[in-house]
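*Asks:* In the working numbering, the protein residues as written are 135 to 277.
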């Protein structure tokens, strides 16, 4: 199952002033957080261990990692069973969803959500929100 794909965002609505790589930032931030939260799939530990080390050491930006290691796609293979269950409940849902939180906490005041910088600073800003969403989901509340 594919949750997101950077190529889905490079259409007519994509800002002309940004490089195509900016379409991977949001999914890259989610994946980086999931890997830090212990929700990553075995693929990252086994097949991409060196790249994962660079990501976790913050030597590689989240969107860059998604493009290089995951071909720009966030899929069920990137997440553990629990990570997939959480992503299904939160990542693409209407209302209280990852994209809504991303827009609220990172994109507010920017021309578009694609203008959010691919940075660890932004992961750090969003991490408490994502941690709270995960904790609520684990307690049986809506993500």
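Glycine included, each C-beta is placed from N, C-alpha and C at the ideal position.
May I ask you to list the residues that DSSP assigns as paired with residue 252?
*Replies:* None, per the DSSP bridge assignment.
*Asks:* Along the chain, where does the beta strand (DSSP E) containing residue 209 start, and where does it finish?
*Replies:* Run containing residue 209: 207–209, per the beta strand (DSSP E) assignment.
*Asks:* Would you tell me roughly how many angstroms separate the C-alpha atoms of residue 179 and residue 163, rounded to the nearest one?
*Replies:* Roughly 18 Å separates the two Cα atoms.
*Asks:* Grouping DSSP H, G and I as helix and E and B as strand, with all else coil, what is residue 110?
*Replies:* As displayed, the chain neither begins before 135 nor continues past 277, which places residue 110 out of reach and without an answer.
*Asks:* Could you please give the first and the last residue of the uninterrupted alpha helix (DSSP H) stretch that includes residue 196?
*Replies:* Segment 196–204, the alpha helix (DSSP H) holding residue 196.
*Asks:* Look at residue 199 and residue 189 and say whether their C-beta atoms are less than 8 Å apart.
*Replies:* In contact: residue 199 and residue 189 (Cβ atoms closer than 8 Å).
*Asks:* In terms of residues, what are the limits of the alpha helix (DSSP H) holding residue 178?
*Replies:* Segment 176–180, the alpha helix (DSSP H) holding residue 178.
*Asks:* Contact between the region 168–176 and the region 210–230 is defined here as three or more beta-carbon pairs at a separation below 8 Å; is this criterion met?
*Replies:* Contact holds: three or more Cβ-Cβ distances are below 8 Å.
*Asks:* Give every residue of the same chain whose Cβ lies closer than 8 Å to the Cβ of residue 261, excluding the five residues on either side of it in the sequence, and list them in chain order.
*Replies:* Within the same chain, residue 261 has close Cβ partners 167, 170.
*Asks:* Mapping DSSP to helix, strand and coil, what is residue 244?
*Replies:* Three-state DSSP puts residue 244 in coil, outside helix and strand.
*Asks:* DSSP has residue 213 in a bridge; who is on the other side?
*Replies:* Paired residue(s): 174.
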